[in-house]
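Under numbering that gives the first Met the number 0, the first residue of the sequence shown carries the number 0, and numbering increases by one thereafter.
Heads up: the structure comes next, in structure tokens.
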Amino acid sequence: MQQQELVQEILRLKEERRAVILAHSYQRPEVQDIADFVGDSLGLSREATRTDAEVIVFCGVHFMAETAAILNPEKTVLLPDLEAGCSLAETITREDVRAWREQHPDGIVVAYVNTSAAVKALADICCTSANAVEVVASLPPDRPIFFVPDMFLGAHVERITGRKLDVWLGECHVHAGIRSEDLEVQLAAHPDAEFLIHPECGCSSTCIFLRPDAKLLSTEGMVRYAAQSPAQEFVVATEVGILHRLNKKAPGKRFIPVREDAVCQYMKRTTLEKVYESLRDLKHVITVPEEIAVPARRALEAMLALG
Numbered sequence: 000m001q002q003q004e005l006v007q008e009i010l011r012l013k014e015e016r017r018a019v020i021l022a023h024s025y026q027r028p029e030v031q032d033i034a035d036f037v038g039d040s041l042g043l044s045r046e047a048t049r050t051d052a053e054v055i056v057f058c059g060v061h062f063m064a065e066t067a068a069i070l071n072p073e074k075t076v077l078l079p080d081l082e083a084g085c086s087l088a089e090t091i092t093r094e095d096v097r098a099w100r101e102q103h104p105d106g107i108v109v110a111y112v113n114t115s116a117a118v119k120a121l122a123d124i125c126c127t128s129a130n131a132v133e134v135v136a137s138l139p140p141d142r143p144i145f146f147v148p149d150m151f152l153g154a155h156v157e158r159i160t161g162r163k164l165d166v167w168l169g170e171c172h173v174h175a176g177i178r179s180e181d182l183e184v185q186l187a188a189h190p191d192a193e194f195l196i197h198p199e200c201g202c203s204s205t206c207i208f209l210r211p212d213a214k215l216l217s218t219e220g221m222v223r224y225a226a227q228s229p230a231q232e233f234v235v236a237t238e239v240g241i242l243h244r245l246n247k248k249a250p251g252k253r254f255i256p257v258r259e260d261a262v263c264q265y266m267k268r269t270t271l272e273k274v275y276e277s278l279r280d281l282k283h284v285i286t287v288p289e290e291i292a293v294p295a296r297r298a299l300e301a302m303l304a305l306g
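See below:
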């Protein structure tokens, strides 16, 4: 089928299945355009709990679909491609968290949503890049905190909150690949541009040093900021899929990626054809065993309760 035919079939099947399509901001442009809701991990988590649809098609990666399934046990959650994983989520296991807990029985585990359901099940509370600072700031000041798994986001949280954290040394291969030298090139080329930096980036500390006015923001924060800022030019340090959404939300402004090859191949595995097949055949259904889902749900709901 041609793209327009695929879109029409997806819309037809979506109505027939009583489905909603959720897409992350790093998805392909055409996948974002077919979605009912496009956002970051926090926004998608909230939207998953609000929908009255019977089927959720999650255009993202595996841990996101797991999160939707945990929060919506009565709904059918579909992931169009089972190979859509996450290099960051794979850096930590349930056993790693259990080992820390054994050494710190009074400790608190904060799990970034970029983790498996099995890791979330051992966490006290989850967070996203949008609310990680708020989550950590809400915790008792006299207890050790294990922040997993992103070391750059953890360093950012430490810097803002002043809290000493035990930070797992994990990283997203895309964000870690955005280096200080890439930033310096763009600083020289676009000295008057505003700089929007995702806190998972390996260059975030350098950016604060070189450009104290740089904005460290989640993907959703970048979209909101760019839309209301009077600036006309922005240098953006995150996965390039967000550029499509930035251009739609802030038309006429110029968005320059720090690295044009900052592409997550896992995110790009989802295509219109796979969304169509997922709706047509109700594949691939994502389920989480109850013994994992129940404690993971508590950690996610603790996060969502912060507002």
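Ideal placement from N, C-alpha and C gives every residue a C-beta, glycine not left out.
All of these numbers come straight from a predicted model, not from anything done at the bench.
*Sort Lys273, Cys126, Lys282, Ser203 by Cα distance to Gln2 and report the nearest one.*
Here residue 2 corresponds to residue number 3 of the sequence shown, with the count starting at 1. Per the Cα distances, Lys273.
*Identify the residues that DSSP records as bridge partners of Pro147: which are they?*
Taking the sequence shown and counting its residues from 1, the one referred to as residue 147 is at position 148. Position check: residue 147 holds Val in this sequence, whereas Pro was assumed. Answer is Ala110, bridged to Val147.
*Would you call the CB atoms of Leu78 and Ala64 closer than 7 Å?*
Locating residue 78 in the sequence shown gives position 79, where the first residue counts as 1. Locating residue 64 in the sequence shown gives position 65, where the first residue counts as 1. Their beta carbons are under 7 Å apart, which means Leu78 touches Ala64 by this criterion.
_I'd like to know if the region 129-137 and the region 168-180 are in contact, where contact means that at least 3 CB-CB pairs between them fall below 8 Å._
Below 8 Å, too few C-beta pairs join the region 129-137 and the region 168-180 to call them touching: fewer than three.
*asked:* Can you give me the C-alpha to C-alpha distance between Lys248 and Glu232, rounded to a whole angstrom?
replied: On the sequence shown, position 249 is the one that residue 248 refers to. On the sequence shown, position 233 is the one that residue 232 refers to. Roughly 14 Å between the two C-alpha positions.
_With DSSP as the reference, identify every bridge partner of Ile124, one or two as the case may be._
Reading the sequence shown from its first residue, position 125 is the one you call residue 124. Note: Ile124 sits in a beta bridge opposite Val109.
*Can you say whether Arg142 is buried or exposed, counting buried as having 16 or more other CB atoms within 10 angstroms of its CB?*
The residue you call residue 142 lines up with position 143 of the sequence shown. Within 10 angstroms of the beta-carbon of Arg142 lie fewer than 16 other beta-carbons, which makes it exposed.
*Take the Cβ of Lys74 as the centre, count every other Cβ of all protein chains shown within 10 Å, and call the residue buried at 16 or more, exposed below.*
Against the sequence shown, residue 74 aligns to sequence position 75. It is buried - the Cβ of Lys74 has at least 16 other Cβ atoms within 10 Å.
*asked:* Taking the straight line between their C-alpha atoms, what separation do you get for Leu70 and Val184?
replied: Indexing the sequence shown from 1 puts residue 70 at position 71. Indexing the sequence shown from 1 puts residue 184 at position 185. Their backbone Cα atoms lie some 43 Å apart in a straight line.
_For Val30 and Arg268, what's the separation of their Cα atoms in angstroms?_
Along the sequence shown, read from residue 1 onward, the residue named residue 30 stands at position 31. Along the sequence shown, read from residue 1 onward, the residue named residue 268 stands at position 269. Rounded to whole angstroms, the gap between the alpha carbons of Val30 and Arg268 is 11 Å.
_Gly240, DSSP secondary structure in three states_ = Counted from its first residue, the sequence shown places residue 240 at position 241. Gly240 falls in the coil class under three-state DSSP.
*With 16 other Cβ atoms within 10 Å as the buried cut-off, status of Lys163*: Mapped onto the sequence shown, residue 163 falls at position 164. Per the 10 Å Cβ criterion, exposed.
*Report all residues from its chain with a CB closer than 6 Å to the CB of Pro256; omit the five preceding and five following residues, and keep chain order.*
One-based indexing of the sequence shown puts residue 256 at position 257. Closer than 6 Å at the Cβ level, and outside the excluded window around Pro256, lie Val235, Val239.
*asked:* Can you tell me whether Ile159 is helix, strand or coil according to DSSP?
replied: Position 160 of the sequence shown, counted from the first residue, corresponds to residue 159. In the three-state reduction of the DSSP assignment, Ile159 falls in the helix class, which pools H, G and I.
*asked:* Excluding the 5 residues flanking Ala213 on each side, which residues of the same chain have their C-beta closer than 7 Å to its C-beta?
replied: Stepping through the sequence shown from its first residue, residue 213 is reached at position 214. Same-chain partners within the cutoff: Phe194, Ile196, Cys206, Ile207.
*So, are the CB atoms of Ile55 and Val19 less than 7 Å apart?*
Residue 55 sits at position 56 when you count from the first residue of the sequence shown. Residue 19 sits at position 20 when you count from the first residue of the sequence shown. Yes, Cβ-Cβ distance for Ile55 and Val19 is below 7 Å.
_Does the CB of Ile207 have a neighbour CB from chain C at under 7 Å?_
Note that chain C does not occur in the displayed structure, where there is just one protein chain.
*Find out if the Cβ-Cβ distance for the pair Ser115, Ala88 is shorter than 7 Å.*
Here the question's residue 115 lines up with position 116 in the sequence shown. Here the question's residue 88 lines up with position 89 in the sequence shown. Yes. Within cutoff.
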